[in-house]
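Asks: Keeping their order, the protein sequence lines are chains A and B. The numbering of the first sequence is the numbering used here, which starts it at 317 and goes up by one. The numbering of the second sequence is the numbering used here, which starts it at 373 and goes up by one. Below is the structure I would like to discuss, written out as structure tokens.
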Amino acid sequence: MKESAMKEYLNDYVEELRHRGLTAAQEEIIRRETEGPQIHEMPESAAAADSVSGRKPSAPQRIYDFADLFFLQDMSPPYISHTTCLRSLDELLERDKLREKDGFPRKIRVGRLIKPGKGGKDKIVVVPTTVEEKFYHDSVRVPEEGGEAGGSGEGEEGEVIGEEPIRPQDGAGSGPGEGEGGPHEMESSAYDLGKILTEKFELPNLKDKGKKRSLTRYTYDMTDRHKGFGQVLDKKATLRNIVETNIHLGNLPDIDNIDPTGFLISPGDRIYRILSREKDYESQAMVFFLRDYSGSMMGKPTELVVSQHVLIYSWLLYQYDKQVESRFILHDTEAKEVKDFYTYYNSRVAGGTKVSSAFRLVNTIVEEENLIKDYNIYVFHGTDGDDWDTDGKESVPEIEKMISYANRVGITVAAHSSSPGGTEVEKYLNKSGLLKEKSDLIRMDVMYKDADESRIIEGIKTLISQ
Amino acid sequence: MELIDQHAKQIMEGCKERAREAGLRFQDESLEYIVSNRDLIELSPKIMIPTLYDYWVHDVEVLKGRGKYELYPGNPYETVINTRPPISFYNDNNPDWLNVMIFYHVLGHIDFFQNNLYFRHTWEYDFTGQALSDKRMIAKLRSEKGRQVDYIIEFSRAIDNLVAYHHEVSRYHQPSSSSFSQRLDFYLDVFLQNREKVNIGEYVKEIERYNECIRSYGKSLGEETFFAEVEKKYPHFRAIYEKNREKKSEEEQDLMQYLLNHSEFLNKDENKWMKSVMEVIRKTSLFFQPQIRTKIMNEGWASYWHEVLFMQDDRIKGHEVDFARVNAGVTAMQRVGLNPYALGMRLFQFIEETAEKGKYTFDFRRIRDAGQRKEYDAATGKGKEFIFKVRENLNDFLFINNFCDQDFMDHYDLFVAGKRLNQEKMVWEYFVKSRKAEEYRKMVNDTLYHPPHIQLDMGKSNEGKLYLVHRFEEKPLVQEFIANTMMGIEYLWGSPVQLETAEVIPARSPSAIYSMSGPSPVPADQRGKPKIKWQRVLYTMEKRKLTRRILYAMD
Chain A
317 MKESAMKEYL
327 NDYVEELRHR
337 GLTAAQEEII
347 RRETEGPQIH
357 EMPESAAAAD
367 SVSGRKPSAP
377 QRIYDFADLF
387 FLQDMSPPYI
397 SHTTCLRSLD
407 ELLERDKLRE
417 KDGFPRKIRV
427 GRLIKPGKGG
437 KDKIVVVPTT
447 VEEKFYHDSV
457 RVPEEGGEAG
467 GSGEGEEGEV
477 IGEEPIRPQD
487 GAGSGPGEGE
497 GGPHEMESSA
507 YDLGKILTEK
517 FELPNLKDKG
527 KKRSLTRYTY
537 DMTDRHKGFG
547 QVLDKKATLR
557 NIVETNIHLG
567 NLPDIDNIDP
577 TGFLISPGDR
587 IYRILSREKD
597 YESQAMVFFL
607 RDYSGSMMGK
617 PTELVVSQHV
627 LIYSWLLYQY
637 DKQVESRFIL
647 HDTEAKEVKD
657 FYTYYNSRVA
667 GGTKVSSAFR
677 LVNTIVEEEN
687 LIKDYNIYVF
697 HGTDGDDWDT
707 DGKESVPEIE
717 KMISYANRVG
727 ITVAAHSSSP
737 GGTEVEKYLN
747 KSGLLKEKSD
757 LIRMDVMYKD
767 ADESRIIEGI
777 KTLISQ
Chain B
373 MELIDQHAKQ
383 IMEGCKERAR
393 EAGLRFQDES
403 LEYIVSNRDL
413 IELSPKIMIP
423 TLYDYWVHDV
433 EVLKGRGKYE
443 LYPGNPYETV
453 INTRPPISFY
463 NDNNPDWLNV
473 MIFYHVLGHI
483 DFFQNNLYFR
493 HTWEYDFTGQ
503 ALSDKRMIAK
513 LRSEKGRQVD
523 YIIEFSRAID
533 NLVAYHHEVS
543 RYHQPSSSSF
553 SQRLDFYLDV
563 FLQNREKVNI
573 GEYVKEIERY
583 NECIRSYGKS
593 LGEETFFAEV
603 EKKYPHFRAI
613 YEKNREKKSE
623 EEQDLMQYLL
633 NHSEFLNKDE
643 NKWMKSVMEV
653 IRKTSLFFQP
663 QIRTKIMNEG
673 WASYWHEVLF
683 MQDDRIKGHE
693 VDFARVNAGV
703 TAMQRVGLNP
713 YALGMRLFQF
723 IEETAEKGKY
733 TFDFRRIRDA
743 GQRKEYDAAT
753 GKGKEFIFKV
763 RENLNDFLFI
773 NNFCDQDFMD
783 HYDLFVAGKR
793 LNQEKMVWEY
803 FVKSRKAEEY
813 RKMVNDTLYH
823 PPHIQLDMGK
833 SNEGKLYLVH
843 RFEEKPLVQE
853 FIANTMMGIE
863 YLWGSPVQLE
873 TAEVIPARSP
883 SAIYSMSGPS
893 PVPADQRGKP
903 KIKWQRVLYT
913 MEKRKLTRRI
923 LYAMD
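In structure tokens:
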């Protein structure tokens, strides 16, 4: 949708809402969101930004950044696969819990690290990290000056000798992951992450459905039979063959009085079990990721929601290998499906909020593609809890429809601040009673701006626990 | 990890012979290992010491916080460690000529470790051996005491940059015992001058009287007679002298040492084991201190020698171009950035040349004429001898401050590179900020390792409280770390702890915007250099709760 058309549509919708009656606070929220730009562009790719700058001086290094092994011997820094050297995340978090019990603050942070890659293609990896607190000197610096370094060569005092572009920082509604490189990069690191999330999580309520999909994995089993040679003699089958052969030979005149001593055994009669590759079949699942990318989601809420979805997504990639299909839906007042996680992850926030639009799109997709029959369906929705549709007149029916077929709906509310009664989404969900009645099918997790990564993981547990 | 093969070892032995002939001094034995990627994963968190104690933080990626503030100055990927025998690590598939270069570099380091006086306290023992027995002890304690051991390690590491390293090293370099007694020194140097503030005439009279006493009664009896008179005149002298001696010995101790000796908590019978864990952390920290403080010199010295010795080596004919390429990569001066190899090596070369011409002499310094100064060459033949002395006696701070002069700057076209924001183009600009040696030295000094100087104030430590004072050096402490660090100290001390430090008074009006991240919207012309104002602040950690109180504004 073009921006002008978008605006028009928005205005119509706002009019309609006004007609239904709005409080001043709601007006304010709507006004803020409609005033902003209505375009969700993707961030410029980092690679492009790099090529524009051309020859930029490499970032100055400090003397302690140099080490013989890398510098002199040209070794590469060890690649630490997060599965080999790290204990599982669970174990570390467990240790942290004990710390709390002993009366000390927690120390593990599950953080995302940006690993600079070649050609500006940075890679995000999620790793547990910590700091060692000591008394250190902090530097007092004017932000416009970036510190000093040594230099050598020509140039008068005051002469500019190089430039380095500033990456757009928390600018106008940036999604997380500014310049994270291509989608492929995203997936491969997501996979790494899934492994640390351990295999403890499982998709809840998984049912046998549809034409099962095969895994690329094989199991090996002694189920195939083979004449003449093999690993284990199948005595029963062999005996049956011998009897058959001897009936043909006429060695078995009287069925009531069988004399096996006179039987002849042909080499082809021996039946063996042989080790064989078996394909494994499992129920298939479809997971919908829904994200509110309206203007109010700017900053922390988006970061939290997206982090949580990264975690769920990468865990699915790992745990269920390829047989879980993922669909990605973004919504403001209008919902649209995007093709991959990368787009889903990086699209900028803008525009108004209408949660029901996303749920409706899911319902439409499920209906049109007739997914109910063949798939276990999971829906994860992330929002800051704002909804122009204040009492859920449109959302609740869509949700009800959705849980009639879904195996689990998980709603994450990353609220800006705690308020009595909670956000709009919380209010109407609680009022609908669905959370209590159908607690098996729908879960909600509310966190606040200051949630850290371990809180996010807690959240996942809430959403997908049995 | 496995040892290098016989062929490579033979090359190493050849390098040792040649290095010795050139004047380097080091012990005969050395161990060389091949390290794989896997080994590095295990070694790097342990700062390349294979036998260092286990600690869970070693298994987790530690945030270095680069850009915000410099946390961990030590780079864990060193090629050679200061043990007996020295152990060095190599890539699996280095060609021979490259190994020759690296071996010389390593021998340069070993020579530095074993001759630079800042390493004096590491000379008498093998750190890996010591570390192994410590590691076993900690493992044993862990099996008995559980995770409490890790808390002790954590809290001790939190203050392991407050070890009195210089004090430790200076013990090895006491001037041969002064011919006068401490009491006399105190009386004449401190008591009379600072406390009683006597005038010169009286002071000289006292010295006269002392000499007179010695002359008449002999050395020991004479001094007694002298002080008998003193105590008649100043009856309080003895008490002041005793008190001063006590105070001095306590204030000289670093925080960790003080806790070990005086913490009631640690000295309870059931907690005594904690002290041995703390000792391990303290020793480890002391061991690494000189390495951090001699980075430029150490790398410069090693680079200087690998270049000199490689070019003289007869075994590597035909690989000069390969060497030139690698060597340039290591020791080229960057356009922007500080490379310790390049800077240190050039400085050593420059010092040698300058000393060779006899320019570090009084005669030369008296010359005012620029032409004469330029042409001056006394051909002393003592350049080498001079740099060997430098390598023995200096650390980075002294090295830079003594020898990085304007001649050196001009010779190598050095400058201080600044970085500033260009709002119109939205780029960081690098520019030539200054070509003055003074500025350059200041810039290097600012990047050198310098832990905060935090001392006990015995006067204010009362009622069981521990009062720490952070000396003001125009640098605040990293605020978010104060709480946990002090919590650790409180735990080890067993009673409340206070810390007096300085902080920047948050500015209001335009400069308030500076505190926000990202480019500020203030137009360029409104920006002036905001003057930084400081205030003294007192933190109190009591029962794991931190409180902060502003003491007074500083001027």
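Idealized CB from N, CA, C, for every residue including glycine. Being a predicted model, the structure only gives us computed values, none of them experimental.
#1: Got a sec? Which residues, its chain only, sit under 6 Å from B/Met-420 by beta carbon, not counting five neighbours each side?
#2: For the putative contact between B/Val-909 and B/Glu-875, defined by C-beta atoms under 8 Å, what is the C-beta separation to the nearest angstrom?
#3: Alpha carbon to alpha carbon, how far is A/Arg-415 from A/Thr-446? Give it in angstroms, no decimals.
#4: What is the DSSP secondary structure of B/Ala-751, counted as helix, strand or coil?
#5: I want to see whether chain A comes within less than 9 Å of B/Arg-737, judged by CB atoms only; does it?
#6: Could you check the C-alpha separation between B/Pro-868 and B/Thr-857 for me, to the nearest Å?
#7: Just the C-alpha distance for B/Lys-905 and B/Tyr-821, rounded to the nearest angstrom, thanks.
#8: Would you report the Cα separation of B/Asn-699 and B/Gly-709, rounded to the nearest angstrom?
#9: Using the C-alpha atoms, what's the distance from A/Gln-600 back to A/Arg-586?
#10: Would A/Gln-389 be called buried (16 or more neighbouring beta carbons within 10 Å of its own) or exposed?
#11: Kindly list, in the order they appear in chain A, the residues whose Cβ is closer than 7 Å to that of B/Thr-656.
#12: Out of A/Phe-579, A/Tyr-691, A/Ser-663, A/Thr-577, which one is the CA nearest neighbour of A/Val-603?
#13: Take B/Pro-895 and list the residues in its own chain whose beta-carbon comes closer than 6 Å to its own, dropping the five residues that flank it on each side.
#14: Between A/Asn-562 and A/Phe-579, is the Cβ-Cβ spacing less than 9 Å?
#15: Taking the alpha-carbon positions, what's the B/Asn-643 to B/Phe-637 distance?
#16: Considering A/Val-603, what are the terminal residues of the beta strand (DSSP E) in which it resides?
#17: Could you say which of B/Ala-727, B/Lys-814, B/Arg-610, B/Ile-739 lies nearest to B/Leu-770 if we only look at CA atoms?
#18: Mind checking whether B/Asn-471 and B/Ala-391 have CB atoms under 9 Å apart?
#19: May I ask you to list, following chain order, the residues of the region 528 to 545 of chain B that have a beta carbon less than 8 Å from some beta carbon of chain A?
#20: May I have the straight-line CA-CA distance separating B/Asn-566 from B/Gln-520, to the nearest angstrom?
#21: Sort A/Glu-641, A/Glu-324, A/Glu-332 by Cα distance to A/Leu-687 and report the nearest one.
#22: Classify A/Lys-655 as buried or exposed, calling it buried when 16 or more other Cβ atoms lie within 10 Å of its own Cβ.
#23: Run down chain A in chain order and give the residues with a C-beta less than 7 Å from the C-beta of B/Gly-866.
#24: Compare the C-alpha of A/Arg-643 against each of A/Lys-417, A/Leu-632, A/Phe-657 and name the closest.
#25: Compare the C-alpha of B/Ala-925 against each of B/Glu-872, B/Leu-918, B/Leu-556, B/Thr-919 and name the closest.
#26: Tell me the DSSP secondary structure of B/Ser-408 in three-state form.
#27: When we look at the beta-carbon of B/His-825 and count the other beta-carbons within 10 Å, is it buried (16 or more) or exposed?
#28: What does the alpha-carbon distance come out to for the pair A/Thr-699 and A/Thr-618?
#29: Between B/Val-762, B/Phe-853, B/Glu-374, B/Ser-806, which has its C-alpha nearest A/Glu-464's C-alpha?
#30: Assess contact between the region 681 to 692 of chain B and the region 770 to 784 of chain B, defined as three or more Cβ pairs (one per stretch) separated by less than 8 Å. Is contact present?
#31: Name the DSSP bridge partner or partners of A/Asp-761?
#32: Mind listing which residues of the region 630 to 641 of chain B have their C-beta closer than 9 Å to chain A's C-betas, in chain order?
#33: Could you spell out where the alpha helix (DSSP H) holding A/Lys-743 opens and where it closes?
#34: Taking only three categories from DSSP, how would you classify B/Phe-552?
#35: Name the residues in the region 773 to 795 of chain B whose C-beta lies less than 8 Å from a C-beta of chain A; which are they?
#36: Determine the direct distance from the alpha carbon of A/Tyr-629 to that of A/Leu-326, and round the result to whole angstroms.
Replies: Put simply:
#1: Cβ neighbours of B/Met-420 beyond the five flanking positions: Glu-450, Ile-453.
#2: 5 Å
#3: 14 Å
#4: coil
#5: no
#6: Distance between the alpha carbons of B/Pro-868 and B/Thr-857: 13 Å.
#7: 25 Å
#8: 18 Å
#9: 40 Å
#10: buried
#11: Near B/Thr-656 there are no residues of chain A at all, since even the closest Cβ is about 13 Å away, more than 7 Å.
#12: A/Tyr-691
#13: Because B/Pro-895 sits at a pLDDT of 42, beneath the cut-off of 50, its placement in the model cannot be relied upon, and the following sentence gives the value as read from the coordinates. Closer than 6 Å at the Cβ level, and outside the excluded window around B/Pro-895, lies no residue.
#14: yes
#15: 7 Å
#16: 601 to 608
#17: B/Lys-814
#18: no
#19: Residues of the region 528 to 545 of chain B with a C-beta atom less than 8 Å from some C-beta of chain A are Arg-529, Ala-530, Ile-531, Asp-532, Asn-533, Leu-534, listed in chain order.
#20: Approximately 49 Å between the Cα atoms of the pair.
#21: A/Glu-641
#22: exposed
#23: Correct list: empty, because the minimum Cβ distance to chain A is about 15 Å.
#24: A/Phe-657
#25: Per the Cα distances, B/Glu-872.
#26: Looking at B/Ser-408 - three-state DSSP - the assignment turns out to be coil, as it is neither helix nor strand.
#27: exposed
#28: 8 Å
#29: B/Ser-806
#30: Segments in contact, no.
#31: A/Thr-728
#32: none
#33: 740 to 748
#34: coil
#35: Tyr-784, Asp-785, Leu-786, Phe-787, Val-788, Ala-789, Gly-790, Lys-791, Arg-792, Leu-793, Asn-794
#36: 32 Å
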